[in-house]
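In the working numbering, the protein residues as written are 139 to 645. No residue lacks a Cβ here, since even glycine has one placed at the ideal position from N, Cα and C. Note that this is a predicted model, so its numbers are computed, not measured. Reading through the structure tokens given below for one structure.
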């Protein structure tokens, strides 16, 4: 009985945090859409492409440090699940030191390999190399500040203090909007101004996270000490995680650089728009998973594997629904949405957005499975197999470009590779921790049925109604209703339906 009450309490906490995070996300969505429109208008397609290309180069140098990030989040959540306060302090202290070391490594890489690649390999328009250098340096500064914030962000997430996470994120979004609006009044090079102001925003956000954590979480206070045994333990965990993080960065920012080399900054601008849309949708999914992931890790640490499996299923199911609510109307109305949003979007941006949604569905479907694998701790085989498959994407994209395939071909390669990775993840978890692969497969088949059936009414409406704002509005409403109806019929459990009914009756 006590265990059931505990699970019920945790479920209510997940629901409360999810609602809070989605409130934050809708506000950030409005701010982000307007900010992107203003930035593209003020910088122009050429400078916008330069910012995305050079910023992508800097992000590529997180290859080493990104592998440590998930290790930090995992160890902090796991220590909380075990109720070990002393270990929690050691984990946080070690995390800060590790991130400082990796921040230094990133700076050295950017100032050596980054500068060499910028000047000798990147396709930068004539007369903009000096501004590109500013972007490189400022982006490196933003990256360093973000790296130093990771242990503090992990504490907030692990403690499930989502109100702080929401308010600081809203502050960050508001500051970025003010930066975009300030470009209109910039008397100097707007690209340089934008890069410098984004660095200032990152500094403010970094200070906010540190100040909040030091005030509310005991493990973040006191002297930072170096724990050699904890460093070895976390480094061993992060070493295998390195493969997965490396594969992701090579396949995103690496392909961004390939696109620059083969097609120029125009394609980078279009990819930048697609990545903005992808980022918005990913943030919506992350808002859900940020509420669920700590409970997956804590439940596993407490020995409640069945509840962890249940949360993974729910996370995958609702991640799919969130993505599909965006993907369905974008498949049919991407040009109209981009014209309203950006007025004059880059060429191929609409196609890239559609294809990005395909890849995102395949990529995010099994994202909660990674959290379970990290909680389990047996990650060597997991990362060897999944990373080997994922790393095939980069050479295949390069080969496709060399053979004359258009830039859009990269997205097709990604979607196919991600599907193969998803299959491998499910089979590996079945072997490593007894995950119910058959039940998960049946869930995926129901999601595929939901996808197919919800497309039909939207496709029929698009065939019958001419282009315009009226059709866009009808498609948005019809897509949402069709997705909700299919989810109710094929995806939601009786318990989830009862929960929704009870909430509707209350209001």
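Rounded to the nearest whole angstrom, the CA to CA distance from residue 292 to residue 568 is 28 Å.
Taking 8 Å as the cut-off, the beta carbon of residue 627 is found no closer than this to the beta carbon of residue 454.
Of the candidates 322, 219, 557 and 598, the residue whose Cα lies closest to the Cα of residue 502 is 557. In its chain, beyond the 5 residues on either side, 378, 381 and 382 have a beta carbon closer than 6 Å to the beta carbon of residue 521. The DSSP-derived three-state label of residue 498 is helix. Each residue's CA atom was taken as its position, placing residue 221 and residue 440 some 9 Å apart. Residue 533 is classed as exposed because its beta carbon has fewer than 16 other beta carbons within 10 Å across all chains shown.
Following the DSSP letters along the chain, one finds residue 371 inside the alpha helix (DSSP H) bounded by residues 366 to 387. About 6 Å separates the CB atoms of residue 165 and residue 308; that is less than 8 Å, so the two are in contact. Residue burial is scored here from C-beta neighbours: residue 437 has at least 16 other C-beta atoms within 10 angstroms and is therefore classed as buried.
Between the stretch 458 to 471 and the stretch 609 to 620, the count of C-beta pairs closer than 8 Å reaches three or more; the two stretches touch.
Using a Cβ-Cβ distance cut-off of 8 Å, the stretch 408 to 421 and the stretch 165 to 174 are in contact, since at least three pairs of beta carbons, one from each stretch, lie closer than that value. Boundaries of the alpha helix (DSSP H) around residue 601: 575 to 602.
Spatial neighbours of residue 211 in its own chain (CB-CB distance under 6 Å, excluding positions within 5 residues in sequence) are listed in chain order as 292. In the three-state reduction of the DSSP assignment, residue 631 falls in the coil class. For residue 267, the three-state secondary structure derived from DSSP is helix.
Excluding residues up to 5 positions away in sequence, 525, 528 and 529 lie with their Cβ nearer than 6 Å to the Cβ of residue 385 in the same chain. For residue 297, there is no enclosing alpha helix (DSSP H), as DSSP gives it neither H nor E.
Of all alpha-carbon atoms in 190, 225 and 239, the one lying nearest the alpha-carbon of residue 260 is that of 190. A direct Cα-to-Cα measurement between residue 477 and residue 281 gives close to 31 Å.
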